[in-house]
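Quick note: the sequence shown uses the numbering used here, first residue 273, plus one each step. From the three backbone atoms N, C-alpha and C, an ideal C-beta is built for every residue, glycine too. None of these values were measured; they are calculated from a predicted model.
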Amino acid sequence: MFDWMVWTTPVAVFFSCVALMLIGMTVWEIKSPTTLRKGWLPLRTTRGDRLFIGLLAAAYLNLAFVGLGGRMVAWFQLEAEPSVWISFVASMLVLALILRKG
Numbered sequence: 273m274f275d276w277m278v279w280t281t282p283v284a285v286f287f288s289c290v291a292l293m294l295i296g297m298t299v300w301e302i303k304s305p306t307t308l309r310k311g312w313l314p315l316r317t318t319r320g321d322r323l324f325i326g327l328l329a330a331a332y333l334n335l336a337f338v339g340l341g342g343r344m345v346a347w348f349q350l351e352a353e354p355s356v357w358i359s360f361v362a363s364m365l366v367l368a369l370i371l372r373k374g
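And the structure:
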């Protein structure tokens, strides 16, 4: 059924983290309902809003990194394309920043 997908280890880890975050946020919301608050994002958001915005930002960051990986070899005179683990860590840091300060 999923033969058409490229399930590499970083992809599996990324989607596992997303699933765990959704489960964790659901439990957190049941235990402690959220309220609107204003962070540095230009609108008042709930935890779920910030999670959604953060997941979008993480996905776009990963896509940009993968899309520019070949060009990074030429730009930075690398021997091989940079590891996707770099974009994974960067995207998780961006997601954490948006969840915390957004």
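What separation, rounded to the nearest whole angstrom, lies between the Cα atoms of Ser363 and Leu327? For the purposes of this step, residue 363 is taken as residue 91 along the sequence shown, with counting starting at 1. For the purposes of this step, residue 327 is taken as residue 55 along the sequence shown, with counting starting at 1. Approximately 9 Å, taken between the alpha carbons.
For the stretch 357 to 371 against the stretch 320 to 338, are there 3 or more C-beta pairs whose distance is under 8 Å? They touch, by the three-pair rule.
If I follow the unbroken alpha helix (DSSP H) through Pro314, where does it start and stop? As a first step, residue 314 must be located in the sequence shown, where it is residue number 42. For Pro314, there is no enclosing alpha helix (DSSP H), as DSSP marks it with neither H nor E.
Taking buried to mean at least 16 other C-beta atoms within 10 Å of its own C-beta, is Thr298 buried or exposed? Position 26 of the sequence shown, counting from 1, holds the residue named residue 298. Under this definition Thr298 is an exposed residue.
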